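Student: Below you will find the structure I want to go over with you.
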Amino acid sequence: MSRFAFSDEQDAFREVLRRFLEEVSPPSEVRRLMEEEAGYDPAVWRRMAEELGLTSVHIPEEYGGQGFSLGELAVVLEEMGRALLCSPFFATAALATTAILNAGTEQEKRELLPGIATGETIATLAFTEENGRWDAAGVETVARQDGNVWRLEGTKSFVLDGGIADLLVVLARLEGTDGENGLGFFTVAGEAEGVARTGLQAMDPTRKLARIAFAGAEAQPLGEVGQAAAAFARTLRQAAALLANEMVGGAEKLRESAVDYANLRVQFGRQIGSFQSMKHRLADMLLEVELAKSAAYYAAAAAAEDDAALPAVAALAKASASEAYLQTAITTIQIHGGIGFTWDNDTHLWFKRAKSSEVFLGDGAHHREAMMANWHLMEAGDET
Amino acid sequence: MSAPSEETVRAEVRAWLEANWDPSLSLVEWRGILADSGWGVPHWPEDWYGRGLPQALVPAVEEEFQRIDAVGVAKVGIRMLAAATLLEHGSDMHKEKFLRRILTGEDTWCQLFSEPGSGSDLAGAATRADLKDDKWIINGQKVWTTSAHHAQYGLLLARTDWDAVKHQGLSYFVLDIEQPGVEVHPLRQMNGHASFNQVFFTDAVIEPEFQVGELGEGWKIATTTLMHERRGADALRSWAQVSQAEGRCYEDARAEVVTVMEPYKWYPQRAGRVDLVLERARESGAIDDAVTRDEIAKLMIMAKSAEWTARRARAAQLQGRPQGPEGSLGKLASSHVARAAARVHTSLSGADAMLTGSDGERDGVIAEILVSAPATSIAGGTDEIQRNIISERVLRLPKEPRTDTDRPFRDVPRNTVS
Numbered sequence: 002m003s004r005f006a007f008s009d010e011q012d013a014f015r016e017v018l019r020r021f022l023e024e025v026s027p028p029s030e031v032r033r034l035m036e037e038e039a040g041y042d043p044a045v046w047r048r049m050a051e052e053l054g055l056t057s058v059h060i061p062e063e064y065g066g067q068g069f070s071l072g073e074l075a076v077v078l079e080e081m082g083r084a085l086l087c088s089p090f091f092a093t094a095a096l097a098t099t100a101i102l103n104a105g106t107e108q109e110k111r112e113l114l115p116g117i118a119t120g121e122t123i124a125t126l127a128f129t130e131e132n133g134r135w136d137a138a139g140v141e142t143v144a145r146q147d148g149n150v151w152r153l154e155g156t157k158s159f160v161l162d163g164g165i166a167d168l169l170v171v172l173a174r175l176e177g178t179d180g181e182n183g184l185g186f187f188t189v190a191g192e193a194e195g196v197a198r199t200g201l202q203a204m205d206p207t208r209k210l211a212r213i214a215f216a217g218a219e220a221q222p223l224g225e226v227g228q229a230a231a232a233f234a235r236t237l238r239q240a241a242a243l244l245a246n247e248m249v250g251g252a253e254k255l256r257e258s259a260v261d262y263a264n265l266r267v268q269f270g271r272q273i274g275s276f277q278s279m280k281h282r283l284a285d286m287l288l289e290v291e292l293a294k295s296a297a298y299y300a301a302a303a304a305a306e307d308d309a310a311l312p313a314v315a316a317l318a319k320a321s322a323s324e325a326y327l328q329t330a331i332t333t334i335q336i337h338g339g340i341g342f343t344w345d346n347d348t349h350l351w352f353k354r355a356k357s358s359e360v361f362l363g364d365g366a367h368h369r370e371a372m373m374a375n376w377h378l379m380e381a382g383d384e385t
Numbered sequence: 049m050s051a052p053s054e055e056t057v058r059a060e061v062r063a064w065l066e067a068n069w070d071p072s073l074s075l076v077e078w079r080g081i082l083a084d085s086g087w088g089v090p091h092w093p094e095d096w097y098g099r100g101l102p103q104a105l106v107p108a109v110e111e112e113f114q115r116i117d118a119v120g121v122a123k124v125g126i127r128m129l130a131a132a133t134l135l136e137h138g139s140d141m142h143k144e145k146f147l148r149r150i151l152t153g154e155d156t157w158c159q160l161f162s163e164p165g166s167g168s169d170l171a172g173a174a175t176r177a178d179l180k181d182d183k184w185i186i187n188g189q190k191v192w193t194t195s196a197h198h199a200q201y202g203l204l205l206a207r208t209d210w211d212a213v214k215h216q217g218l219s220y221f222v223l224d225i226e227q228p229g230v231e232v233h234p235l236r237q238m239n240g241h242a243s244f245n246q247v248f249f250t251d252a253v254i255e256p257e258f259q260v261g262e263l264g265e266g267w268k269i270a271t272t273t274l275m276h277e278r279r280g281a282d283a284l285r286s287w288a289q290v291s292q293a294e295g296r297c298y299e300d301a302r303a304e305v306v307t308v309m310e311p312y313k314w315y316p317q318r319a320g321r322v323d324l325v326l327e328r329a330r331e332s333g334a335i336d337d338a339v340t341r342d343e344i345a346k347l348m349i350m351a352k353s354a355e356w357t358a359r360r361a362r363a364a365q366l367q368g369r370p371q372g373p374e375g376s377l378g379k380l381a382s383s384h385v386a387r388a389a390a391r392v393h394t395s396l397s398g399a400d401a402m403l404t405g406s407d408g409e410r411d412g413v414i415a416e417i418l419v420s421a422p423a424t425s426i427a428g429g430t431d432e433i434q435r436n437i438i439s440e441r442v443l444r445l446p447k448e449p450r451t452d453t454d455r456p457f458r459d460v461p462r463n464t465v466s
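So the protein sequences, as listed, match chains A and B.
Residues in the first sequence are numbered consecutively from 2, following the working numbering.
Residues in the second sequence are numbered consecutively from 49, following the working numbering.
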């Protein structure tokens, strides 16, 4: 894959994914699953793992995966975003797996990744807390050594699929440290003693969030305790690039639905899509979505190639997607008029995903600042 | 017949250049040799100064020229649109008379389409061509005509039938500009430059053999010209580089660039000069102001993603894939970029944004951005027309009901041209 084009293989892969997701995640299924606490269909999860190998896409072969890059994972996520799939996939693949790959020792990867690859283990990354910060400085949960055992104290919040994950990858810090110092990743079984999980009332019901309180829960270190800052930063960038791809998938689906409705709806004796006021909005939507897609694709390729400019590029893509997805959702509702504000119309499902994704991992302003702080990497980099 | 390989073509052009390239020739002499060899426009037909090569091989040929700094045929301006249109719709006499002198640069051309009364609505042209004593007599006015003041010929769209419906009443002509019935006046723009002209016709004369295509086919042929204009828009800017080496041919070529590029010298400012933004913000320290910084970030995101979108469109083209929506968005994106850049440059200038010329920032360049940016969303099709095109051709939305295509053109309401 280049930064500007998909390969024939990637296109074929996308087509298979789209067909599969249209089958397993029509809006009726989204509506069914979003009302449930677990928020996903285990049978579909098994098929994703076994038939399509999605849970193992970017896991290297030596850990039981298929050894594709983050570029392929981005294609998977774009299609899932389009279908609004209710699934712990982003938490497992984009967050927990990348964190393990970035932070884990050889032995830890051999222990943890095969179970994720087969789909047996649903995992998530618990890094945010009730202070709502997306950076390392927000981590207050403390890891203490108790003889040979590490124990966690503190409360994580906004944990994606935290209520159902079998494996929690937790970011904590050594006592008395702050900022980027003293950080450590740990793994804890979701059902371990001393772990109390509470589902949060998420405004976007297609994406489940949990608060997780750790009261001396026993934890296994992942990588070197105290040295996790770099691996965490890298994980966040990769996740931001991946989320941007998921978001543009959803934005494009909304945009298409707005065009379809403008072609269908008749007022004043004409299809509303024949009015220039509608056409111009729809043309602007196309522009906004295509620009965000270009940024997301570029970021995915940069992540796949481990480009030194990724800190700027990933932030650019996430900032762009945050604005484009939400604006597209707002305009899609507007074009639908009154029906667009009803529960029965599907637009609000994507609107809510647009809203939660806008904020998740940091909003537009957050990423614009991150981009500016790292812009020198863009200037230094040679774009090819 | 299958196309030759790139290696074969490169070897051939290299050998030919080795034997023929001579910087001591005059520009016109050299281009004459080049035109006759077919290497100047290798994608043109073999009968007409080309070698019938596929378009995809042209960059390889151009690279061989650049490798030794050999000067190519004349390409800038309307001349290539004229050539493309004549190759497709012109008679053998037209091709004989015009094509070679287009390539040598001896003749300059202009496009006589837009009128004061028909801008976005080009097919509403009301300049008239009336047949009198076996000659076409032209009356009316054209506008936004680049290079008309030094052009020899114009591509003219004029109305020959007022009883036909709008698009069927137009015909296409080659007009000799250098005649008493044609008056050219510069059109001064709000930024002070005069890159365009107004052209007035008072009983100007066209011999019947200089009609292009059939009577009433003018709109169809104009569409060919416009299509080439859109395709070629990028090529223009990359052209204006001539080696600084010595030799008559180079000297002539450098002089030509100065003349030909004169109308375009404010175009970089029109596009917003995003390249100056960070440099200026760092110099003044404004980069650390939270509000300005966020505005700059938004601009950089827009500019970068517009650039990447254009690259996606080109990549799809190279892969031989059908053009996706990304190919139609460049013009609209550039308007957004220019507007946002002008806003950022204003806030970076502060009070100095009120000054121009040598009192203005960067010797007036910033002021020129501010007063040129509005052109971006108008020239070459307004943003509104772009949005119509995108929504109708890409998104396939229904056309707006029209009241100008169901009756003779003479009954269609139109502007009263003063």
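Backbone N, C-alpha and C fix where the C-beta goes; we use that ideal spot for every residue, glycine too.
Keep in mind it's a predicted model, so treat the numbers as computed, not measured.
Check the Cβ of SER275/A against every Cβ in chain B and list those closer than 9 Å, keeping chain order.
Tutor: By Cβ distance, chain B contributes LEU445, PRO446, LYS447, GLU448 and PRO449.
Student: Quick one: give me the first and last residue of the beta strand (DSSP E) that GLY227/A is part of.
Tutor: 210-227 is the extent of the beta strand (DSSP E) around GLY227/A.
Student: In terms of alpha-carbon separation, which member of ASP308/A, ALA315/A, LEU311/A and SER275/A lies closest to ALA293/A?
Tutor: Comparing Cα-Cα distances from ALA293/A to each of ASP308/A, ALA315/A, LEU311/A and SER275/A, the minimum goes to ALA315/A.
Student: Is the beta carbon of SER439/B sitting closer than 7 Å to the one on ALA284/A?
Tutor: Yes, Cβ-Cβ distance for SER439/B and ALA284/A is below 7 Å.
Student: Quick one: using the 10 Å Cβ neighbour count with 16 as the cut-off for buried, is PRO90/B buried or exposed?
Tutor: PRO90/B comes out buried.
Student: Does the CB of ASP337/B have a neighbour CB from chain A at under 7 Å?
Tutor: No, no contact with chain A.
Student: Report yes or no: do three or more beta-carbon pairs, one from the stretch 408-422 of chain B and one from the stretch 389-397 of chain B, lie closer than 8 Å?
Tutor: Yes, since at least three Cβ pairs between the stretch 408-422 of chain B and the stretch 389-397 of chain B fall closer than 8 Å, the two stretches touch.
Student: Where VAL385/B and ILE344/B are concerned, what is the direct C-alpha to C-alpha distance, given to the nearest angstrom?
Tutor: Those two C-alpha atoms are separated by around 11 Å.
Student: For VAL143/A, which beta-bridge partners are listed by DSSP?
Tutor: BP columns for VAL143/A point to GLU154/A and ARG174/A.
Student: Just to confirm the assignment, what range does the alpha helix (DSSP H) spanning ASN264/A have?
Tutor: Residues 230-265.
Student: Here's the rule I'm using: 16 or more other beta-carbon atoms within 10 Å means buried, otherwise exposed. How should LYS183/B be labelled?
Tutor: Under this definition LYS183/B is an exposed residue.
Student: What does the alpha-carbon distance come out to for the pair PHE91/A and GLU324/A?
Tutor: PHE91/A and GLU324/A: Cα-Cα distance of roughly 20 Å.
Student: Using a beta-carbon distance below 7 Å, is LEU31/B in contact with chain A?
Tutor: Nothing about residue 31/B can be read from this structure; chain B reaches only from 49 to 466.
Student: Sorted by chain position, which residues of the same chain lie with C-beta nearer than 7 Å to ALA240/A's C-beta, five sequence neighbours on each side aside?
Tutor: Here the set comprises ALA95, LEU96, THR99 and LEU362.
Student: Ignoring anything shorter than 4 residues, give me the alpha helix (DSSP H) runs that lie fully in the stretch 133-179 of chain B, in order along the chain.
Tutor: Runs of the alpha helix (DSSP H) inside the stretch 133-179 of chain B: 140-152.
Student: Any beta-carbon of chain B closer than 7 Å to the one on PHE215/A?
Tutor: No - not a single Cβ of chain B is within 7 Å of the one on PHE215/A.
Student: So, are the CB atoms of LEU40/A and LYS254/A less than 7 Å apart?
Tutor: Looking at the sequence provided, one finds Gly at residue 40/A rather than Leu. No; because the gap between Cβ atoms is not below 7 Å, this pair is not in contact.
Student: Would you be able to state if there are at least three C-beta pairs under 8 Å between the stretch 366-378 of chain B and the stretch 334-353 of chain B?
Tutor: Touching, no.
Student: Given this structure, state the Cα-to-Cα distance separating ALA301/B from SER219/B, to the nearest angstrom.
Tutor: If you take the alpha carbons of ALA301/B and SER219/B, they lie about 35 Å apart.
Student: Would you kindly report the start and end of the unbroken alpha helix (DSSP H) that includes GLN317/B?
Tutor: Segment 315-318, the alpha helix (DSSP H) holding GLN317/B.
Student: Out of PRO71/B, THR133/B and MET141/B, which one is the CA nearest neighbour of PHE113/B?
Tutor: Considering only alpha carbons, the answer is PRO71/B.
Student: Do we get a CB-CB distance below 7 Å when we pair LYS280/A with the residues of chain B?
Tutor: By this cut-off, LYS280/A is an interface position.
Student: To the nearest angstrom, how far is it from the Cα of SER376/B to the Cα of GLU141/A?
Tutor: Using only the alpha carbons, I get a separation of about 50 Å.
Student: So if DSSP puts HIS233/B in a beta bridge, which residue, or which two residues, is it bridged to?
Tutor: In DSSP, HIS233/B forms a bridge with GLN246/B.
Student: Closer than 9 Å between beta carbons: that is the criterion. Which residues of the stretch 355-377 of chain B meet it against chain A?
Tutor: Listed by position, the residues of the stretch 355-377 of chain B near chain A (Cβ gap below 9 Å) are GLU355, TRP356, THR357, ALA358, ARG359, ARG360, ALA361, ARG362, ALA363, ALA364, LEU366, GLN367, ARG369, GLY372, PRO373, GLU374, SER376 and LEU377.
Student: Verify the contact flag: ALA211/A, CB atom, against every heavy atom of the ligand SAH, threshold strictly below 6 Å.
Tutor: Among the components of this structure there are no ligands whatsoever, and the ligand SAH is therefore not found.
Student: Using the C-alpha atoms, what's the distance from ALA388/B back to ALA334/B?
Tutor: Spanning the two alpha carbons is a distance of roughly 16 Å.
Student: Would you report the Cα separation of ARG174/A and GLY429/B, rounded to the nearest angstrom?
Tutor: Cα to Cα, the separation comes out at about 59 Å.
Student: Quick check on ASN187/B: does DSSP put it in helix, strand or coil?
Tutor: If DSSP states are grouped into helix, strand and coil, ASN187/B belongs with the strands.
Student: Could you tell me if TRP356/B is buried or exposed, where buried requires 16 or more neighbouring beta carbons within 10 angstroms of its beta carbon?
Tutor: Buried.
Student: Between LEU151/B, ALA174/B, LEU263/B and GLU310/B, which has its C-alpha nearest SER243/B's C-alpha?
Tutor: With distances taken between Cα atoms, SER243/B lies closest to GLU310/B.
Student: Does the beta carbon of ALA345/B come closer than 7 Å to any beta carbon on chain A?
Tutor: It does; some Cβ of chain A falls within 7 Å.
Student: Return the CA-CA distance between ARG148/B and ALA83/B, expressed in angstroms with no decimal places.
Tutor: For ARG148/B and ALA83/B, the distance between alpha carbons rounds to 7 Å.
Student: Taking 7 Å as the CB-CB limit, is LEU380/B close to chain A?
Tutor: True, the Cβ-Cβ gap to chain A drops below 7 Å.
Student: Can you tell me which of GLY86/B, GLY172/B, ILE185/B and ILE437/B puts its alpha carbon nearest to the alpha carbon of TRP267/B?
Tutor: The shortest C-alpha separation from TRP267/B is found at GLY172/B.
Student: Can you list, in chain order, the residues of its chain whose CB lies under 7 Å from that of GLY183/A, leaving out five sequence neighbours each side?
Tutor: So the qualifying residues of the chain are ARG174, LEU175 and GLY227.
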